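Numbering (the working numbering), first residue to last: 27 to 746.
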């Protein structure tokens, strides 16, 4: 024991008669945990092995702790477990593998110990004793039972790590009389599992955590002798401890308004006129469990019937929200106790668990100054700005991150949106009327409908961040596309007003104050909180895909034309020439794969239909080599890079990437959007020409038409 005197020279072991066991020092044993005495297994514990080797190799160390040679030098490793891949001397093997030289290599020892202990328990086989040949994980409980039965061991519990109470004291385990709830009882556990199976947990991780806890949670100490709480009915010496006592309190919430009368200490009788002393078990059974009316309760049956109706109306619990750390106790007990007390119709319906909250990617801490109160956040960013940042902080079991950067962005984005809406309402924007049937009108209609459906689903699943992405950021991007797409003809008034209403609705759960203000600006008579959620409509996925195609094409063309303004790379010894930004573009659109590419795509499509997937590159190359049109080396050199490109496309588009021609009329679509493309590339619309890649009469001085593919037009830049 580090820093301690040797506590004994040797004792006779009751399990190994005529054998001497010595107490020797180990640096990793904590004197303040348990007795500070542990058994030594140098064959399978890297800690024990290095401690033994240190004592054998270092005479000064032996002298320091009064360890004589006879206590150490004669003893060799006793092999007791055979671990596949590790052998019967796993500890020495691990120390060699991790290059551990002494007990001072703590980090390496921790890794080695974790790995060896895991492998030893999962796959180790005992090689000695009455359970020789059995797996360690099945023999271990048997050995434990034998030791207890022999009277040489007893059950002992201690915290897994240091536990500090709310009063700041270090907690220890006390062996005392205790009442336990038997959560692991098979019939009760089966009911809890049935409840969980029908519950919404909003994430696979939460469900797995509940299932794991239901698998191990058995007896739970449910009382204590001091503090606040309810007295244990059958033993009033004890109080029900808080985690066990607060699992069905939400049932009381359904009738509290009739019993409390606005006070918490009960000094005033509530609206129902019921005194606290009248709330007997029989009364509660009538309210919660549909038991017969207790004739002697002194409360009119009509009054109790009213309380029962309130409970029946509000129960079961539709949603319980709490921290992920409570799954392993309180929330699982919430399930157990509900199924034990209430009929199945009143079992909980959903539990939403969340992680902790960080501030700017760091743990909140007053000592470090990384701390923000709700009051400070509201004063700094406004209530809606703060709510926006919280909504974007994250919804999973991972710790959410509240970011000042996001909060600042929220204030700016919301202010910009409000100013834009003011301009629309005040008539500062020229909007067209009449039919709304242009390409960009149809895109915008579908985008709005899609956003309604997606955001509604995200809210139902409590995925607030995803609701913000689809209900604000994606929808705002669609507005930006619509604005740019209709620049030459103007936006449609009816569609813009629908957009504003929908955007206001989708944001209202997050930024209610701003949305209420916008609602009034629109001249609505009542609060937005009283309005009906917007109804969506059909979503034309084809037109949305075509819009994405046009936007991506515009980005690529803009990037390319901007590159023409960059200085030209000069030859060695020559002066670098300044770039001149092109002001004209020829675009070449291919509706199908041509030439050798057509043969490749035909073959790939056939293989995919036959096998359901594309084989390895070597097998693909062999299959393509059999096509006569691809057999010459010059052509085949281009084939496999092309195949690699198609395979990469399949990673995102799936089998659609193998289509032999475009699913829509690309040529007509690109020509329809010449004004949009020209505007995005900052050139005159008359300087952007669109040609069919198969049109041999099309001007193509740079030979770009040949590189056009379905879904990927080619283009050349020049000056006129």
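Even glycine gets a Cβ: it sits at the ideal position worked out from N, Cα and C.
All figures in this text were calculated on a predicted structure; none of them were measured in a lab.
Rounded to whole angstroms, the gap between the alpha carbons of residue 646 and residue 671 is 14 Å. In this structure, residue 573 and residue 507 form a Cβ contact; the two beta carbons are roughly 6 Å apart against a cut-off of 8 Å. With contact defined as three or more Cβ pairs closer than 8 Å, the segment 384-398 and the segment 416-427 are in contact.
Taking 9 Å as the cut-off, the beta carbon of residue 526 is found closer than this to the beta carbon of residue 450. Beta-bridge annotation (DSSP): residue 740 is paired with 614. Nearest to residue 712 by C-alpha distance, out of 731, 746, 739, is 746.
Around the C-beta of residue 470, 16 or more other C-beta atoms lie within 10 Å, and the residue is accordingly described as buried. Boundaries of the beta strand (DSSP E) around residue 348: 346-349. Here residue 206 is bridged, per DSSP, to 247. As summarised for the segment 575-661, the continuous alpha helix (DSSP H) elements at least 4 residues long and confined to that stretch are 621-637, 643-651, given in chain order.
Segment contact: the segment 547-555 against the segment 667-687, fewer than three CB-CB distances shorter than 8 Å; contact not assigned. C-alpha of residue 650 to C-alpha of residue 642: approximately 12 Å in a straight line.
Note on geometry: alpha-carbon atoms of residue 143 and residue 191 lie some 31 Å from one another. By the Cβ criterion, the segment 390-401 is not in contact with the segment 252-261, since fewer than three pairs of Cβ atoms, one from each stretch, lie closer than 8 Å.
Straight through space, the alpha carbons of residue 735 and residue 607 are spaced by roughly 26 Å. When C-beta atoms of the segment 350-367 are compared with those of the segment 262-271, three or more pairs fall below 8 Å, so the two segments count as touching. Distances from the alpha-carbon of residue 145 to those of 154, 129, 163, 159 put 163 closest.
Distance from the CA atom of residue 134 to the CA atom of residue 630, rounded to whole angstroms, is 51 Å. DSSP, reduced to helix, strand and coil, places residue 427 within a strand of the structure shown. A straight-line Cα-Cα distance of about 51 Å links residue 528 and residue 189.
The DSSP assignment places 346-349, 377-380, 383-385 as complete runs of the beta strand (DSSP E) inside the segment 330-389, in order along the chain (cut-off: 3 residues). Per the coordinates, the alpha-carbon of residue 710 lies some 11 Å from the alpha-carbon of residue 702. DSSP places residue 108 in the strand class (E or B) of the three-state scheme. By the Cβ criterion, the segment 436-446 is not in contact with the segment 477-489, since fewer than three pairs of Cβ atoms, one from each stretch, lie closer than 8 Å.
Here the alpha carbon of residue 94 sits roughly 43 Å from the alpha carbon of residue 194. In this structure, DSSP gives residue 669 a helical state, which the three-state scheme calls helix. Here the C-alpha atom of residue 409 lies approximately 34 Å from the C-alpha atom of residue 236.
Contact between residue 378 and residue 343 does not hold, since the beta-carbon distance rounds to 11 Å and is not under 8 Å.
The secondary-structure analysis by DSSP pairs residue 730 with nothing; it has no beta-bridge partner. Taking C-alpha positions only, residue 302 is separated from residue 295 by approximately 8 Å. Taken in chain order, the unbroken stretches of alpha helix (DSSP H) that lie wholly in the segment 428-457 and span 4 residues or more are 430-451.
Taken in chain order, the complete alpha helix (DSSP H) segments of 4 residues or longer contained in the segment 83-135 are 85-90, 95-98, 116-123.
The continuous alpha helix (DSSP H) containing residue 528 extends over residues 519-533. The beta carbon of residue 333 sits closer than 7 Å to those of 281, 284, 298, 313, all from its chain and outside the five residues before and after it, given in chain order.
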